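Working notes, beginning with the structure itself.
Chains as they are written, first to last, in the working numbering: chain A, 15 to 281; chain B, 421 to 721.
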């Protein structure tokens, strides 16, 4: 096992693209989170604009417990930056013929998949840790009445963020392996998550059924939190059912990856 | 000759791409410690066959077995292989690329500097792969194949794109490696290359195995000797009566006599001397592998 970790680590250690994209992910998450007040001010939900709402500076977006829900929701939008690296990583292995050479040298196909899943795990754990530390620091420095109860409340969104990211990156891995070409795979990933599935979703009236669509189920793990500042009802928890659907998709994607690699000639 | 074990055997190994039979019911046996040349025109199925033996191409039917067992992943770690073009991570240095291979093969990093020195890349070990010339890439591929001190090396067109000096170096390297008791499987469309380094060879065409045998057998069951003398006519009439003669022809003032494969050339020359004729020219004509190869291909038509 540690051998597979080491193999993947050697591949990314001196890879400029890896560090640039990780840096971008961290930088952009920080930028958006720290400009949260501006972001919130421009947010309008069903015609009501938060800027017109009295006491915008009193909105506790950075305070415990709200920070956990807010930061994971915002960071969830930027998972696509890490997905880009996931696609580059797998399509490069194909275009460089190194996937084939790895197998020839004595790596099994399953070992290869495990080493790529380690990369997914590394990116997910790293990003979750970063979001946790940022959220915790913001919470500690802005919450006036610090209570353990508030720190813990909503912190369940941290593992939800981890699951969301893991599932999305495994999906990106699958798309990369399926399409093989870097640009085409990225195009399909965005086309599917931004256009194809949402359009498909429009035809489904039932929210519960819509929740079974892969991208929708992944984003459903963390519902939009900001409505509550307009005194609207929001879902500020993760349901068991939502978790199970996403975990099921994780297994389905891994199974599809396995089938793709098992049957394919590596020429 | 003592019977040696085979490193790999195939049973009816077949690969179809649609209607094309890239490999058609191949039954190959590659003996241990041989330098085994796989010859064939471009597109004859050499790379497809090697790809199947290395588990990167899934056979349509048939089986193969390395070292007499079925555990393929473990077996591949004892095989150093290059198929077609060298495949490395372009953004990594030579050393880092070899470290990945060492991890895959579960060997230490100890041999990395040695193999880089052997192929003359030690000075460039920290340069990234993308800065290498084609010749250097080929040599790094050879270094990677040698890294785990493998039992078997599979080289597919190893001298492709190399200059004459590079080709000679690779050839010497192959001989050196073979002398260490390793089995080398060499696919090539260059007959000369196979004749110079191989002990065994097989001929593939359109996915079919046409021939498999020893390179020395190439001279086969007959040999041809070219002779000349001051008086060619006298020599001709002498040879007409030579016992065991199979054929006699005259070409450009020279006589070519065909004798059985086991006939002694010394006896022939002393016979001529005894009859009072001094030959000015006496050369055993080797039937070249190229001629043999073309004959095999023609016979199959």
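Even glycine gets a Cβ: it sits at the ideal position worked out from N, Cα and C. Owing to the predicted nature of the structure, the values given are computational and were not obtained by experimental measurement.
| Item | Value |
| --- | --- |
| Interface residues of chain B around residue 117/A at Cβ under 7 Å? | 475, 476 |
| Under 8 Å, Cβ to Cβ, is there at least one residue of chain A near residue 516/B? | yes |
| When burial is assigned at 16 or more other CB atoms within 10 Å of the CB, is residue 107/A buried or exposed? | buried |
| Residues in its own chain within less than 8 Å of residue 268/A by CB, not counting five upstream and five downstream? | 127, 131, 184 |
| Determine the contact status of residue 576/B and residue 429/B, defining contact as a CB-CB distance below 8 Å. | no |
| If you measure between the beta carbons of residue 445/B and residue 426/B, is that distance less than 8 Å? | no |
| Once DSSP output is grouped into helix, strand and coil, what is the label at residue 448/B? | coil |
| Under a three-way DSSP split, which group does residue 558/B fall into? | helix |
| If residue 76/A sits next to residue 156/A, beta carbons under 8 Å apart, how far is it from one beta carbon to the other, in whole angstroms? | 4 Å |
| So, residue 101/A versus residue 203/A, is the Cβ gap smaller than 8 Å? | yes |
| What's the C-alpha gap between residue 451/B and residue 572/B? | 11 Å |
| By the criterion of Cβ-Cβ separation under 8 Å, what are the contact partners of residue 112/A in chain B? | 507, 508, 509 |
| Expressed to the nearest angstrom, what Euclidean distance is found between the alpha-carbon atoms of residue 93/A and residue 504/B? | 38 Å |
| Taking C-alpha atoms, which residue in 628/B, 703/B, 635/B, 717/B lies nearest to residue 434/B? | 628/B |
| Taking residue 164/A as part of the alpha helix (DSSP H), name the residues at either end of that continuous run. | 162 to 166 |
| For residue 693/B and residue 677/B, which I take to be in contact (beta-carbon distance under 8 Å), what is that distance rounded to the nearest angstrom? | Rounded, the Cβ-Cβ distance is 16 Å, inconsistent with contact. |
| Grouping DSSP H, G and I as helix and E and B as strand, with all else coil, what is residue 544/B? | helix |
| Could you name the residues of the stretch 17 to 34 of chain A whose beta carbon sits closer than 9 Å to any beta carbon of chain B, in the order they occur along the chain? | 17, 18, 20, 21, 24, 25, 27, 28, 29, 30, 31 |
| On the CB-based measure, 16 or more other CB atoms within 10 Å of its CB, does residue 669/B come out buried or exposed? | exposed |
| If contacts are defined as beta-carbon pairs under 8 Å, then residue 497/B and residue 568/B qualify, I think. What distance do you get, rounded to the angstrom? | 6 Å |
| Report back the beta-carbon spacing between residue 457/B and residue 652/B to the nearest angstrom; my notes put them in contact at under 8 Å. | Wrong, their Cβ atoms sit about 39 Å apart, outside the cutoff. |
| Could you check whether the stretch 179 to 194 of chain A touches the stretch 259 to 277 of chain A, counting it as contact only if at least three pairs of C-beta atoms, one from each stretch, sit closer than 8 Å? | yes |
| Which runs of the beta strand (DSSP E) spanning at least 3 residues fall entirely within the stretch 436 to 482 of chain B, listed in chain order? | 440 to 446, 449 to 451, 455 to 459 |
| Since residue 496/B meets chain A, which of its residues come closer than 8 Å, beta carbon to beta carbon? | 117, 118, 119, 120 |
| Residues of chain B with CB under 9 Å from residue 130/A, in chain order? | Per Cβ cutoff of 9 Å: no residues; residue 130/A is ~14 Å from chain B at best. |
| So with CB distances below 8 Å, who are the chain B contacts of residue 279/A? | 471, 476, 477, 478 |
| What first and last residue would you give for the alpha helix (DSSP H) that runs through residue 494/B? | 492 to 496 |
| Of all Cβ atoms in chain A, is any one closer than 8 Å to the Cβ of residue 606/B? | no |
| Give a yes or no on whether 8 Å exceeds the smallest Cβ distance from residue 501/B to chain A. | yes |
| Can you list, in chain order, the stretches of the beta strand (DSSP E) that have 3 or more residues and sit fully within the stretch 559 to 592 of chain B? | 572 to 576 |
| Could you give the DSSP three-state label for residue 613/B: helix, strand or coil? | helix |
| Here's the rule: buried if 16 or more other CB atoms are within 10 angstroms of the residue's CB, otherwise exposed. What is residue 423/B? | Per-residue confidence for residue 423/B stands at a pLDDT of 43, beneath the threshold of 50, marking its modelled position as unreliable; no derived number is given. |
| Using a Cβ-Cβ cut-off of 8 Å, state whether residue 557/B counts as contacting chain A. | no |
| When the Cα atoms are used, what is the spatial distance from residue 722/B to residue 604/B? | Shown here, chain B extends from 421 to 721; a query on residue 722/B therefore has no answer. |
| Suppose you measure from the CA of residue 599/B to the CA of residue 646/B; what does that come to, to the nearest Å? | 34 Å |
| Hey, quick one: how far does the beta strand (DSSP E) through residue 130/A stretch, first residue to last? | No beta strand (DSSP E) holds residue 130/A; the alpha helix (DSSP H) holding it covers 123 to 156. |
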